[in-house]
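A.B. asks: Residue 218 in the UniProt record's numbering is what sits at position 218 of the sequence shown, and the numbering runs on without skipping anything. One structure follows; several queries about it will come next.
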Amino acid sequence: MERACKRLLLASSKANGSMSRCRRDLSTTIPLQAAKHAKPAKHAKPAIPKPSKAVTKSTSKESHPKPSTQKQVPKPLSTPKPKANPFRNRVIPMYFGGLIVLGLSGYMTYFYITITRDDGKPTRISPASQQDVSTQYDKIATTFDDTVDPMENSMGITSLRRKLASEAVGDVLEVSIGTGRNLEFYQWDFKGHQGVGKVDATGHIKKGKVRSFTAVDKSGEMLEIAHEKFGKMFPGILGVRWVIADATEPGAIPGPPKSANERSGNLDSKYDTVLQTMGLCSVSDPVKLLKNLGECVKEEEGRILLLEHGRGSWALLNKALDKSAEGHAEAFGCWWNRDIRQIVEESGLEIVKIEQPKWWHAGTTWWVELRKPKSKSAVRESEKGQQVAPLVVAVDAEGKEKQAPTTSREPKKKGWW
1 MERACKRLLL ASSKANGSMS RCRRDLSTTI PLQAAKHAKP AKHAKPAIPK PSKAVTKSTS
61 KESHPKPSTQ KQVPKPLSTP KPKANPFRNR VIPMYFGGLI VLGLSGYMTY FYITITRDDG
121 KPTRISPASQ QDVSTQYDKI ATTFDDTVDP MENSMGITSL RRKLASEAVG DVLEVSIGTG
181 RNLEFYQWDF KGHQGVGKVD ATGHIKKGKV RSFTAVDKSG EMLEIAHEKF GKMFPGILGV
241 RWVIADATEP GAIPGPPKSA NERSGNLDSK YDTVLQTMGL CSVSDPVKLL KNLGECVKEE
301 EGRILLLEHG RGSWALLNKA LDKSAEGHAE AFGCWWNRDI RQIVEESGLE IVKIEQPKWW
361 HAGTTWWVEL RKPKSKSAVR ESEKGQQVAP LVVAVDAEGK EKQAPTTSRE PKKKGWW
C-alpha cells in the first residue's frame, strides 16, 4: 500500500514539472510569434511609459518642496575684492594733524607756565608806573599799517573803526590819529564824495556829516603818512588841519575853524565830536588827556567817542597781558594792560555808553561814549534864567493895591541854528 502511494506521488510530481516547463515555453514563444506576424501601424504614437508609483511620489514631493527654515545665501557672481584700508590715503594728513596738535599743546603748556611763574619783576599796571614810550611811533611809522592790518581785519577792529567814524558829526577833532586809519570811514561833506551836493530821493541836496576836520598827533612821522593818505583820497581838498601836538597839554589843541576853508582856529568855539582810537594806551597820563578833551568838546550835545584796548574779563588773560606788557610797549609804544574803565571814571566826564564788543576779544576791546556835563556856572545861569521875577505890588492913585505885571527871562537856546 505504501509503495503504491509513493509511486502515485512520484508520477504526479513529474507531471507537474512538465506542465510548468510547458507554460514557460508558451509564455516566451507566443509573443515572439505575434511580433513576427504583426504589421506596423501607420502614424503610431510612441507609447508613453506610465510612471510607477514610486516615481510619482518622488515627483510630487519635488514639485511641492517643503519650505526650509534656513536663509538661502545667494552665491556671489565673482570673488569679492578685499576691502581697502580707509586710513591708507589719510596717513599724511593725520601725521601733520598730529604734529599741529602736539605743537599747540606744547605752546599752551609753555604759555601757562610762563604766565603763572613768578619772575620777581614788578607788574606795571598803573600809567604812573609805566614808562613813556610814545616816541616809538616815529620809528615804526612806515611799517605800522602792514603790521596792524592783518590782525585788525581778522579780529573785527576795522568794522568797529568804520562804525565809530560814521557817528562823527559837525566840527570833528581826531586825537592820536596816527597813520589815518579812520579817514576812509568819515562821512565827509565834500562835494562829489558819496553823492554829496546832488539831489537825493527826497528832493534835498545831500550833505555830509563832517563839516570841518582837525587832526592831532604827537608823532610827526605818523601824521605825515596820514596827510599823504588824505591827499590821495581827496586831491585838492583844503580846510583840513594837521597839528603836531601833545594832546595832554592844555591849550595845545586849537579850536574848530570858523569856516571849512579856514585853517586858523576859533578858541571861543568847541567841537561837536572828539574821536580817538587806541590812544589811551600810548600816552603817559590818560586821565589828563580825557580831561583836556572835555575842554575841547561842546557841553551836553558834544560827544567824545573812544575805541580802546586794555584789560579784559578773564584773570588768566590779564595776567598774560601784564607779563608781556613791557615788551609790547617797547616794540609798539603801547601799554595794553591798562584799566580802561578806571581811567574813564577818574576823568570826571559823564559816561553815556561803555561796552566791550566782540565776545571773542574776551573784553579787551572797549567802546566808550562820553560827554562833558554842564559846568556849575552854566547851571547857575540856566537856573537864574528859569526863575520868575518876584510879585510886585503897586498902589494906584486911589490908594488901592494892584498887581504889577511879572517878567521872566527865557533861557537861551543852544544847538545848531
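A virtual CB, placed ideally from N, CA and C, is assigned to each residue, including glycine. Since the structure is predicted, the reported quantities are computational estimates derived from the model, not experimental observations.
Is DSSP giving S58 helix, strand or coil here?
C.D. replies: For this step, residue 58 is matched to residue 58 along the sequence shown. Any answer about S58 is weak, because its pLDDT of 49 lies below 50 and its placement is not dependable; what the coordinates show is given next. Of the three classes helix, strand and coil, the one that applies to S58 here is helix, per DSSP.
A.B. asks: I'd like to know if the stretch 359-378 and the stretch 299-306 are in contact, where contact means that at least 3 CB-CB pairs between them fall below 8 Å.
C.D. replies: Touching, yes, given that three or more Cβ pairs across the two stretches are closer than 8 Å.
A.B. asks: Within the same chain, show all residues whose beta-carbon is closer than 6 Å to that of G294, passing over the 5 residues directly before and after it, in chain order.
C.D. replies: Translated into positions along the sequence shown, residue 294 becomes position 294. Correct list, in chain order: L349, K372.
A.B. asks: Quick check: the Cα distance between D285 and G98, rounded to an integer number of angstroms?
C.D. replies: Residue mapping note: residue 285 aligns to position 285 of the sequence shown, counting from 1. Residue mapping note: residue 98 aligns to position 98 of the sequence shown, counting from 1. Taking the straight line from one Cα to the other gives about 48 Å.
A.B. asks: To the nearest angstrom, how far is it from the Cα of R311 to the Cα of T147?
C.D. replies: The residue you call residue 311 lines up with position 311 of the sequence shown. The residue you call residue 147 lines up with position 147 of the sequence shown. Going by the C-alpha atoms only, they are around 22 Å apart.
A.B. asks: Per DSSP, which residues does Y271 bridge with? Please list them.
C.D. replies: As a working note, residue 271 is residue 271 in the sequence shown. Y271 pairs with V297.
A.B. asks: Taking the alpha helix (DSSP H) that R162 belongs to, which residues open and close that run?
C.D. replies: As a first step, residue 162 must be located in the sequence shown, where it is residue number 162. First-last of the alpha helix (DSSP H) with R162: 157-165.
A.B. asks: Which runs of the alpha helix (DSSP H) fall wholly inside the stretch 336-375 and span at least 4 residues, in chain order?
C.D. replies: Runs of the alpha helix (DSSP H) inside the stretch 336-375: 340-346.
A.B. asks: If I measure Cβ to Cβ from R7 and keep anything under 6 Å in the same chain, skipping five residues before and after, which residues do I get?
C.D. replies: Numbered from its first residue, the sequence shown carries residue 7 at position 7. For R7, where only same-chain residues beyond five positions count, there are no Cβ hits under 6 Å.
A.B. asks: Take every Cβ of the stretch 205-224, pair it with every Cβ of the stretch 246-255, and state whether three or more of those distances are shorter than 8 Å.
C.D. replies: The stretch 205-224, when compared against the stretch 246-255, does touch it at the 8 Å Cβ threshold.
A.B. asks: Answer yes or no: do V199 and K207 have a C-beta to C-beta separation smaller than 8 Å?
C.D. replies: In the sequence shown, the residue the question calls residue 199 occupies position 199. In the sequence shown, the residue the question calls residue 207 occupies position 207. Not a contact, by the Cβ cut-off of 8 Å.
A.B. asks: Kindly indicate which three-state DSSP category R7 falls into: helix, strand or coil?
C.D. replies: In the sequence shown, counting from the first residue as 1, residue 7 sits at position 7. In the structure shown, R7 sits in a helix (DSSP, three-state: H, G or I).
A.B. asks: Taking Cβ positions only, does K198 come closer than 8 Å to chain D?
C.D. replies: Here there is only one protein chain, and chain D is not present.
A.B. asks: Give a yes or no on whether the C-beta atoms belonging to V175 and V274 are separated by under 8 Å.
C.D. replies: Along the sequence shown, read from residue 1 onward, the residue named residue 175 stands at position 175. Along the sequence shown, read from residue 1 onward, the residue named residue 274 stands at position 274. Closer than 8 Å, so yes.
A.B. asks: Between the alpha carbons of S282 and K232, how many angstroms are there, rounded?
C.D. replies: Here residue 282 refers to the residue found at position 282 of the sequence shown. Here residue 232 refers to the residue found at position 232 of the sequence shown. The alpha-carbon atoms of S282 and K232 are separated by roughly 28 Å.
A.B. asks: Give me the DSSP bridge partner(s) of L173.
C.D. replies: By 1-based counting over the sequence shown, the position of residue 173 is 173. L173 pairs with T214, V274.
A.B. asks: Quick one: give me the first and last residue of the alpha helix (DSSP H) that H328 is part of.
C.D. replies: Taking the first residue of the sequence shown as 1, we reach residue 328 at position 328. 315-332 is the span of the alpha helix (DSSP H), which, as asked, contains H328.
A.B. asks: Can you give me the C-alpha to C-alpha distance between V388 and K374, rounded to a whole angstrom?
C.D. replies: As a working note, residue 388 is residue 388 in the sequence shown. As a working note, residue 374 is residue 374 in the sequence shown. Only weak support exists for where V388 lies, its pLDDT of 46 falling under 50; the coordinates are left without a value.
A.B. asks: Using a threshold of 8 Å, state whether the C-beta atoms of K270 and S347 are closer than that.
C.D. replies: Within the sequence shown, the letter at position 270 stands for residue 270. Within the sequence shown, the letter at position 347 stands for residue 347. Not closer than 8 Å, so no.
A.B. asks: Tell me the residue span of the alpha helix (DSSP H) that contains E184.
C.D. replies: By 1-based counting over the sequence shown, the position of residue 184 is 184. No alpha helix (DSSP H) holds E184; DSSP gives it neither H nor E.
A.B. asks: Rounded to the nearest angstrom, what separates I125 and L321 at their Cα positions?
C.D. replies: Within the sequence shown, residue 125 is the residue found at index 125, counting from 1. Within the sequence shown, residue 321 is the residue found at index 321, counting from 1. Roughly 10 Å separates the two Cα atoms.
A.B. asks: P150 by DSSP, collapsed to three states: which one?
C.D. replies: Taking the first residue of the sequence shown as 1, we reach residue 150 at position 150. Helix.
A.B. asks: Could you please give the first and the last residue of the uninterrupted beta strand (DSSP E) stretch that includes H309?
C.D. replies: The residue you call residue 309 lines up with position 309 of the sequence shown. From DSSP, the beta strand (DSSP E) with H309 extends over 303-309.
A.B. asks: Give the secondary structure of R90 by DSSP, where H, G and I count as helix, E and B as strand, and everything else as coil.
C.D. replies: Walking along the sequence shown from the start, residue 90 turns up at place 90. It is helical.
A.B. asks: Determine the closest residue to H227 out of W242, P127, Q131, L160, with distance taken between C-alpha atoms.
C.D. replies: Residue mapping note: residue 227 aligns to position 227 of the sequence shown, counting from 1. Checked all of W242, P127, Q131, L160; the closest Cα to H227 is W242.
A.B. asks: Under 8 Å Cβ to Cβ from S134, same chain only, skipping five residues before and after it: list those, please.
C.D. replies: For the purposes of this step, residue 134 is identified with residue 134 of the sequence shown, where counting begins at 1. If we look at S134 and ignore the five residues flanking it on each side, its Cβ neighbours are K218, S219, S282, V283, S284, G333.
A.B. asks: Quick check on the burial criterion: 16 or more other C-beta atoms within 10 angstroms. Buried or exposed for G203?
C.D. replies: Along the sequence shown, read from residue 1 onward, the residue named residue 203 stands at position 203. Under this definition G203 is an exposed residue.
A.B. asks: Counting only the same chain and skipping the five closest in sequence on each side, list residues whose C-beta sits under 8 Å from that of F96.
C.D. replies: Indexing the sequence shown from 1 puts residue 96 at position 96. Hits under 8 Å: none found.
A.B. asks: Which residues mark the beginning and the end of the alpha helix (DSSP H) in which I244 is found?
C.D. replies: Reading the sequence shown from its first residue, position 244 is the one you call residue 244. Per DSSP, I244 belongs to no alpha helix (DSSP H); it is in the beta strand (DSSP E), 241-244.
A.B. asks: Which two residues bound the contiguous alpha helix (DSSP H) that contains L223?
C.D. replies: To locate residue 223, count along the sequence shown from 1; it is residue 223. Note, L223: alpha helix (DSSP H), 220-233.
A.B. asks: Taking Cβ positions, are F190 and F230 nearer each other than 8 Å?
C.D. replies: The residue labelled residue 190 in the question sits at position 190 within the sequence shown. The residue labelled residue 230 in the question sits at position 230 within the sequence shown. No, the pair does not count as a contact, with Cβ atoms beyond the cut-off.
A.B. asks: Does DSSP classify I205 as helix, strand or coil?
C.D. replies: Indexing the sequence shown from 1 puts residue 205 at position 205. Of the three classes helix, strand and coil, the one that applies to I205 here is strand, per DSSP.
A.B. asks: For V196, name the three-state secondary structure that DSSP assigns.
C.D. replies: Numbered from its first residue, the sequence shown carries residue 196 at position 196. Reduced to three states, the DSSP call for V196 is coil.
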